[in-house]
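The structure under discussion appears below in the form of structure tokens.
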Amino acid sequence: HLLLVFQDVDDFFEHEKTFLLEYHNRVKDASAKCDRMIRSHKNAADDMNRIASSLYTLGTQDSMDLCKFFLKVSELFDKTRKVEARVAADEDLKLADLLKYYLRESQAAKDLLYRRSRALVDYENANKGLDKARAKNRDVLQAETSQQLCCHKFEKISESAKQELIDFKTRRVAAFRKNLVELAELELKHAKGNLQLLQSCVGVLNSNT
């Protein structure tokens, strides 16, 4: 791949290239792990639902104290299932979607750098072509025109690419900060909710013993 073997003459673009190649791979890995984490939460919610259903069935068999215990624990599992499902939904919205979006965005940024590298190679080849034309004194005007067009294209894409990459960094940092803070707040809220459910259930069970 041109990006891997090409040493950029501009330190800014060389730094961006090195960063983006690593960043893209890290985001890709994080996205796959995030999907697995969300599936685990969904699977846990499904398991809680089955446990709650089984305990409810046991609890409705009789009116003795053990059956009341089953019903109370069934209610706990049903409520924690809902919390677990909300955790999965929040992670999907705040983290998985964010990672997938920036996986596409980082790929687009890599493609932009590739187009610039391609334009630079074309410009360098046009310079060599012009030198050869002048040395042979043949097709000089055509070579000059080609060199000027390649130069203009390279300068134009360099200017726009630099601004796009700067904007990309600003947007990326702001988006990750916002979503990760919001996700952390939601996860704390759900953890506190689960703790309250457990404490409430234990309190009720203790009062019935």
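Numbering of the sequence shown is given in the UniProt record's numbering, commencing with residue 1 and proceeding in unit increments. Just so you know, even glycine gets a beta-carbon here, dropped at the ideal spot from N, CA and C.
Where residue 48 is concerned, the enclosing alpha helix (DSSP H) starts and stops at 11-59. Only exposed fits residue 132, as fewer than 16 other CB atoms lie within 10 angstroms of its CB. In terms of Cβ geometry, residue 88 and residue 38 form a close pair [threshold 7 angstroms]. Take residue 78, set aside five residues on each side of it, and the residues of its chain with a beta-carbon closer than 7 angstroms to its own are 52, in chain order. With respect to residue 102, residue 74 sits apart: the two C-beta atoms are not nearer than 7 angstroms. Our two residues, residue 150 and residue 159, have alpha carbons roughly 14 angstroms apart in a direct line. The beta carbon of residue 43 sits closer than 6 angstroms to no other beta carbon from its chain once the five residues preceding and following it are set aside.
In terms of Cα proximity to residue 119, the closest of 106, 146, 140 is 146. Taking each of 144, 187, 105 in turn and checking the Cα distance to residue 125, the smallest one comes out for 144. By the beta-carbon neighbour count (other beta carbons within 10 angstroms, threshold 16), residue 66 is exposed.
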